[in-house]
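A short worksheet on the structure shown next.
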Amino acid sequence: MLETEAYREAQQRIEEARREGARTLDLSYMELTEVPESIASLTELRLLNLFNNQLTKLPETIASLTQLQQLYVQNNQLTKLPETIAFLTQLRLLNLHNNQLRELPEAIASLTQLQTLYLHNNQLTELPEAMASLTQLQLLNLKNNKLRELPEAIASLRQLQQLNLSNNQLRELPEAIASLTTLPRLYLSNNPLNPDLAAAYKQGTKAVLQYLRAKAQAQITLNEAKLILIGEGEVGKSCLLRALREDEWLESLPTTHGIEIKPVIVTHPDSGTEISLNGWDFGGQPVYRPTHQLFFSAPAVYLVVWKPREGPQQGFVKEWITLIEHRAPDAKVLVVATHGGPGQRQPDIDRQEIQDRFGSDMVLDFFRIDSKPDAQNSCTGLAELKKAIASVAASLPEMGRSVPAKWQRVREILQTNDKAYLPYNDVLAICHRHGIDKEQAELFLRISHRLGYLIHYDYDPILRDIVILKPDWLAKAISFVLDDETTRRRNGLVDFEHLGELWSNPPFPGEGGYPQELHPIFLKLMERFDLSYRVVLDPAKPSNTSLIAQLVRDTRPELPNWGEQPEAGDRQQVQICRIVDDRGQLAVAEGLFYKLIVRLHKYSLGRCNYEKSIHWQRGLMLDNDYNGRALLEYVNTDVKITVRAAYPERFLSYLTEEIKWLVENFWEGLRCNVMVPCIAPCGKNAPGNGLFEVEKLIESKKKNRHEYPCPISGCGEWQNIDCLLNNAPTAQPPSQEIGIQQFRNIVKDELKIVHEDLVIFDRRGQERFESLSQDQRIILSKVDEEFASLMQMLTDEAKDGPRLFSFKPVDPKFFDRPKWISTKLQITLWCEHSRQPLPALNPNDKKKGVYELEVSREWFTKAAPYLKILTGTLSLVLPVAASATKLMLDEATYKGIEEELDLGQKSIESTLKGSDLATNLSTESDAPDWQQGEAAIRAQGSILRELHALLEAKDPGFGGLVRVQNRRREFLWVHEQFVDEY
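Encoded structure:
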């Protein structure tokens, strides 16, 4: 072989290590293409670094390194491991991530002492059964591989604490994994999981294990899907559904209001498999479209129905397919022409244009059907359509999935029940009769709710005792409101009494009413689906009036206190949310502003008096106290966000994140690119017209480019990236730039003054924030930013337990024992809504949510970065947290909490004094702990999960905190008095 300079350098290092009897050797970052055979001489080696080279294989001679405990070979080009790895029987850690491994050798079974194994970012398609021997393994990272299934052997890894399977091709997990009852964290994101498993994963690791246990008892194969019929009104959808069901022909059918659901059975032409389809017939009126999107989902076959005599343009065929594409991008569509009839106009539609636009993998075929039987009782084209529907349904990835047999039996009982709803306890009783205990029944309901089989909100005080069995009833009830002339004339305002009249006596032929006890449930569900919210007409009286956001006025009203320029002391920032489809073409998210009006109504100018509300079908104005005022409006298909405030970054960031999340999560076929407008100097003397994508600006900045060209044709101006980004709140919170402690020291005195002022304002019954200075508003906005950043860091961990707590040593002599090995801490849980500790919210039971836990020095030291940021952030929010919920703390309680936070901070400093970690922390380098990416955040997440386990052993109820979900479906743990906020 040709010896390179790097190879000779490696040989020299090996020889030096041999002479010195070294136990560690670093050969990283040397551009080695192979490891010298002389490595075999280092028989006492404990740690070997080979990472960041260009190795394609490891030498067989590593067999001599029998004392090796840690081997780092990440960031190389290994395609396989040598069989001689079997001799490394003392290995505790093996890091192989970022290689090209396609398989693992059976010899890996010999590594019985292995505790940590990193295999992420490889090309693995399967794992060997030999994995069963790695019984000491605690961490296994298999993220970013090509695994399609896991071996049953995984269940033998009883010590496993973390299993990362994200970004693979897994549809199912072996039921045997359910035996890993102590596995605290399982990562499954970005896998094509079957719908039930995916829904369980959304609830957390415990739910996944519980689901697999249910499946292990007995399972059943499901061959079922949705059949969704959509199109304009009166094109024959209802007649077609009846024909598919082989129902008797009726000459006249009433217009469909909302949705009708009826079963359809088809048989696969080749296999003979019977497939059950739930046929959803959607009313075609334009006003229903935003509501219908709630029920678009996979697995489904879509029939876009149109009438040839009116032409495809009048039938809005492309518009309906676009609606499907935006909401369910993987959908399968059949285009069906109806009502042709003998001698009627033949279908005339540009098939090639439609398939070119949407893709032949989405729009599969075109059919012409006559739903009315001829003299031989045959419907033209129907048999061919049914065959196609069966073939498409059979090809859906979810078809033939296995689910727990008990669950499916209960699901079928509920689906065939004549009632629209059942009391929660009745559903539990049905579950119990089929061998499903209460804990598993609760999971069954959560998963069935997520998959759309039923509707149940377990933490909502109105809805928790009711399980809605007929989602189509809700759609029909909503349609009665949307079609109501009185409500439309009032621009969406409707009293509960009027809703009751509509739902009891619908003014439409052939439609029956709904029981009165369902009316408040319907209203609450409309609020849950972002269709309406309760408004305040008279601050002195309770409200029984709601706003149906879809029916607000279509013209923009006068904008109060919104001149050409911001008021003195305020700054203005502008961002654009550009909505595009998967081809990068501009797109419309149908009904976006209706949803924003509801989701953001807590910031409405009319939140205390509806008359002050400013909203219309293409825009709205918001006010967030010291965080400023915002104007959101459509400019063509873009959403323009303008915020004016002393510190506009916080509110602008929140609104941008909210819109981006909503677009990309509700309309899965769309994405939201965040843009900033151009500034002076402008080559066309029109600053604000050119738009720059923030993500591309940041990428260019990372490449040390300082300017970016204007995208407007004919404008040759290059604009300064830093100046453009001044309109984009991309900077990290202050603590991640200067450190949490330094930021706290800077604002501590001012926050004390703010707290005192807020207490005075509260006593006088004054508005809390109107009298604050511009500097005070800036500080409060930055504190909000700190808190939001902390909560976002550990969103995933909130599935399993609360994130906020304060602590202090129990032993008053703690600070006299600098060399302590273990100690007791008093842990106090906090409400994540009010940002207050539980004793302050439970004046009659101040011990609720307070625990004594024994912790080791090792755990405390490992947790120090998170504890430091947590304690610092809580110290920042404490002075103003209570004012947001109008629950001001008395001075004694406030001082007690302040003292506990200070003691927690001092205990960190005392314990770490003189250590390497203390040096890092004292330099205020908090930012790297959180900015090194997923690995650092996951490391802190593991600390939180360990704490959850300790707390759960003491109190499974976490002090009465209730787990709720916000509108982004993120979990929070809140005091029971704030559950209604969610």
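Each residue of the sequence shown is one higher than the one before, counting from 85 in this note's numbering. Built from N, CA and C at the ideal position, the CB exists for glycine as well.
At the 8 Å Cβ level, is Ser-336 part of the contact set with chain B, yes or no?
Of the protein chains in this structure there is only one, and it is not chain B.
Alpha-carbon spacing of Ala-193 relative to Leu-203, whole angstroms
15 Å
Distance, Cα to Cα, Ser-940 vs Leu-267?
21 Å
On a Cα-Cα basis, can you pick out the residue from Ile-520, Leu-177, Leu-195, Ala-260 that is closest to Asn-225?
Leu-177
Would DSSP call Cys-915 helix, strand or coil?
strand
Which partner residues does Leu-108 have in the DSSP bridge list?
Contrary to the premise, residue 108 reads as Thr rather than Leu in this sequence. DSSP, once it has assigned bridges, lists Leu-131 as partnering Thr-108.
Every unbroken beta strand (DSSP E) within the region 659-720, with a cutoff of 3 residues, ordered by chain
703-707, 713-719
Are there 16 or more other CB atoms within 10 angstroms of the CB of Trp-1014, so buried, or fewer, so exposed?
For Trp-1014, the predicted structure reports a pLDDT of 34, less than 50, and the residue's modelled location is therefore unreliable. A value from the coordinates is still provided. Buried: at least 16 other Cβ atoms inside 10 Å.
Rounded C-alpha distance that separates Leu-781 from Arg-789
9 Å
Do Pro-599 and Asp-549 have their C-beta atoms closer together than 8 Å?
no
Cα-Cα, which of Ser-784, Asp-458, Gln-439, Lys-456 is closest to Phe-450?
Gln-439
According to the Cβ coordinates, are Tyr-675 and Leu-631 closer than 8 Å?
In the sequence on display, residue 675 carries Gly and not Tyr. No, Cβ-Cβ distance for Gly-675 and Leu-631 is not below 8 Å.
CA-to-CA distance, Ser-994 to Arg-901, given in whole angstroms
9 Å
Asn-749 (DSSP reduced to helix, strand or coil)
helix
Among the candidates Ser-455, Val-401, Ile-408, Tyr-285, whose CA atom is the shortest distance from the CA of Ile-433?
Val-401
Given this structure, state the Cα-to-Cα distance separating Ile-1067 from Phe-735, to the nearest angstrom.
Not covered by the structure: residue 1067. The range shown for the chain is 85 to 1066.
Let me know if Gln-649 comes out buried or exposed under the rule of 16 or more other beta-carbons within 10 Å of its beta-carbon.
exposed
Inter-stretch contact at 8 Å, needing at least 3 Cβ pairs: the region 477-490 / the region 451-465:
no
As a quick exercise: from Gln-910, Thr-639, Leu-132, pick the residue whose alpha carbon is nearest that of Pro-893.
Gln-910
Output the boundary residues of the beta strand (DSSP E) element that contains Lys-608.
Premise fails: Lys-608 lies in the alpha helix (DSSP H), 603-612, not in any beta strand (DSSP E).
Residues bridged to Ala-384 [DSSP beta-bridge criterion]
Lys-310
When the Cα of Tyr-678 is compared with those of Ala-1037, Arg-637, Glu-642, Ala-652, which residue comes out closest?
Arg-637
Terminal residues of the alpha helix (DSSP H) in which Ala-467 lies:
466-479
Helix, strand or coil: which one does DSSP assign to Glu-363?
Note that residue 363 is Gly in the sequence shown here, rather than Glu. Gly-363: strand per DSSP, three-state reduction.
Counted within 10 angstroms of its Cβ, other Cβ atoms place Thr-955 as buried (16 or more) or exposed
buried
Taking 8 Å as the cut-off, does the region 333-352 touch the region 569-584 (at least 3 CB pairs, one atom from each stretch)?
no
Taking the alpha-carbon of Asp-365 as reference, which of Ser-355, Gln-377, Val-619 has the nearest alpha-carbon?
Gln-377
Quick check on Leu-925: does DSSP put it in helix, strand or coil?
helix
Which of helix, strand or coil DSSP assigns to Phe-450:
strand
Where Ala-302 falls, given that 16 or more other Cβ within 10 Å makes a residue buried:
exposed
Continuous beta strand (DSSP E) stretch holding Thr-726: start and end:
722-729
Compute the Euclidean distance between the alpha carbons of Phe-1042 and Leu-937, then round it to the nearest angstrom.
14 Å
Do you know whose CA, among Val-511, Leu-111, Leu-716, Pro-276, lies nearest Thr-740's CA?
Leu-716
Can you tell me where the alpha helix (DSSP H) holding Ile-859 begins and where it ends?
It should be pointed out that residue 859 corresponds to Asp in this sequence rather than to Ile. Looking at the DSSP string, the run of the alpha helix (DSSP H) that includes Asp-859 is 858-877.
Test item: CB-CB of Cys-756 and Cys-661 under 8 Å:
yes
Phe-898 lies in the beta strand (DSSP E); which residues open and close that run?
No beta strand (DSSP E) holds Phe-898; DSSP gives it neither H nor E.
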